[in-house]
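The structure appears right after this line, and notes come after that.
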Amino acid sequence: MSSVRLSVCLNASQSKGQSQAALLLPAPHSTEALLAAAANKLRLKKKEVERAQLYVWKTGVKLPRGQTCGHLLRNDDLIAISVGEAYAGPVALEGTSPSALASAPAVTAERLEAPVVVGRDDMGRSYDSLAELWEDQAVRYVEYYEANARWWDADGYGGSADEEAMIGDCRSEEDVAQSLEFLDAVRGSRPHLRLERALDGGAGVGRVTKHVLLRRCENVCLVEPCERWLKQARRYLGNKRAQRCSFVCERLEEYVPPVGAFDLVWVQWCLQYLVDAHVVIALSNLRRGLSAHGVILLKENRPSGAGIDQRAFYVDMPHGQHQRYDVTRPDDHHRWLFSCAGLEVEHCAPYDEVNCWVLRPASNLPKKLPPSRALPTHHSSEGNRKYKLLVTEIDGMDSPWMNVEAEAQDEEGNNRPA
């Protein structure tokens, strides 16, 4: 999309919700360029421009100042300009979304019981339950994420090309063909699905964006925590493709998309590197970022191969053979995490060593979301680390995450070695 056709209005004027001027926003679709054009049309004063905020009127999506916003816009969107007052449009921003999710009633079930799943890691440890896995993750997830950051910075899976570094073999072309077939089947079964704005979660170098999403979608937002690979993604995509993209350097569980911003969210070979609590947080946030008919397409490894129990989870440890932390989860494990995140499975199909999931906001949202009362959301690389907790009330549930901050630190406030 070279230019976006828009109209603008003042958020709190008598003409709010009605076009007061029209404009064309050229690529690269800068929010500041949009504001400058709108300010000229609406005759805003300098001080008003300085404190202005921009919203897509019909969805309440806030456009980020100082960044590109093309992935959040559609032709003929009405942009409301606020000069200090709260967004006055038709969407209640606190707890209401243009997606089907937010207006859904809550279920009356007491709580989501965790499935009985056992597992083992590549250091010889066996886990008799998911609770044992959470206990370990709660205390050591900082260590695991730091090991993964070093692993990706050191070239990931290696190989002779960027694509091999992302997936560990030379079968990218085969995977791309299957992904396109998968996406086309989903689009064919959902006549109301618009593929204008997509998000590539854990995008890496942009392999899926380049070969799949940009071949079907108008704009793509790449979310990737490794700065090295995000910079390389711009080169890998090339200037023409990169103009249709925005780039966000952030961990997936820490990224909060604008409400209703994306028609399609694609996550592939990413959740395996997150602890269970962060899988729930990431998917919950992505769910809120879906447009009215939007879906999440997910491709993740499943237990497979000779001698492998397909009902168990398998963990690679940083000091094991692969030098990284990841969890290969069985079907029941995945489905439970999806339910905790307020998602339901519309379709699942196995392909080679992966499962391909179509996820949508659940028609009924759980009132009580395990796996914890307190879920760690961020970590700091400072010497004196403290977990920052996202509190989720779950009545009557014991959780290995609850007192992890105190347990993981010594008397002087420093992290104890696990």
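By the numbering used here, the letter at position 234 of the sequence shown is numbered 239, and the numbering carries on one by one without gaps.
Every residue, glycine too, gets a C-beta built ideally from N, C-alpha and C.
Cβ atoms of residue j and residue i: under 9 Å apart, would you say?
i    : j    : result
N290 : P262 : yes
G207 : W274 : yes
S35  : T64  : no
L83  : G161 : no
W341 : A119 : yes
L39  : V88  : no
E305 : V280 : no
V13  : L29  : no
Q277 : D331 : yes
G71  : N16  : no
V270 : G299 : yes
L288 : A346 : yes
Y241 : R212 : yes
L47  : V61  : no
F252 : L227 : yes
V122 : S131 : no
N224 : H76  : yes
V210 : A238 : yes
Y146 : H338 : no
L200 : D268 : yes
S344 : L117 : yes
L204 : A266 : yes
C222 : R195 : no
A26  : A43  : yes
R329 : A190 : no
Can you say whether residue i is buried or exposed, counting buried as having 16 or more other CB atoms within 10 angstroms of its CB?
i    : result
D180 : buried
G129 : exposed
D45  : Here the sequence assigns Asn to residue 45, which means Asp is not the residue at that position. The residue is exposed, with fewer than 16 neighbouring Cβ atoms inside 10 Å.
V264 : buried
K67  : buried
K215 : buried
Q58  : buried
E186 : exposed
N80  : exposed
V9   : buried
A41  : exposed
H324 : exposed
Q142 : buried
A91  : exposed
E229 : buried
D127 : exposed
R334 : buried
G124 : buried
A136 : exposed
S184 : buried
R249 : buried
A85  : buried
Mapping the DSSP letters down to three states, classify residue i as helix, strand or coil.
i    : result
G75  : helix
K67  : strand
T382 : Bear in mind that the predicted position of T382 carries a pLDDT of just 41, short of 50, making it too unreliable to give a figure here.
G22  : coil
K50  : coil
V123 : coil
A297 : strand
T101 : Low local confidence applies: a pLDDT of 36 at T101 is under 50, so the model's placement there is unreliable, with the coordinate-based value given in what follows. T101: coil per DSSP, three-state reduction.
Y150 : helix
G206 : strand
N224 : strand
L188 : helix
C345 : helix
S194 : helix
D158 : helix
D321 : strand
H56  : The question names His, but residue 56 is Arg in the sequence shown. It is helical.
Y392 : Because Y392 carries a pLDDT of 30, less than 50, the predicted location of this residue cannot be relied on, and the following value inherits that uncertainty. Three-state DSSP puts Y392 in coil, outside helix and strand.
D133 : coil
S177 : helix
DSSP has residue i in a bridge; who is on the other side?
i    : result
H352 : V363
K3   : This structure cannot speak to residue 3, because the chain is shown only from 6 to 423.
F267 : L295
C231 : None; C231 has no bridge partner.
S289 : The partner list for S289 (beta bridge, DSSP) is empty, contrary to what the question assumes.
C250 : V225
Is it the case that the CB of residue i approaches a heavy atom of the ligand ATP more closely than 8 Å?
i   : result
H76 : The ligand ATP is not part of the structure shown, which contains no ligands of any sort.
Check your understanding: Any contact of the stretch 304-322 with the stretch 249-262, i.e. 3+ C-beta pairs under 8 Å?
Key -> Not touching, per the Cβ criterion.
**Study point:** Given 8 Å, three or more beta-carbon pairs between the stretch 350-367 and the stretch 284-300
**Key:** With the cut-off at 8 Å, the stretch 350-367 and the stretch 284-300 touch.
Point to revise | Segment contact flag, the stretch 177-192 with the stretch 349-363, C-beta cutoff 8 Å, min 3 pairs | key: Result yes; three or more Cβ-Cβ pairs closer than 8 Å.
Practice item. Flag this pair as touching only if the stretch 216-235 and the stretch 315-329 have three or more C-beta atom pairs under 8 Å; answer yes or no. Key: By the Cβ rule, the stretch 216-235 does not count as touching the stretch 315-329, because fewer than three pairs are nearer than 8 Å.
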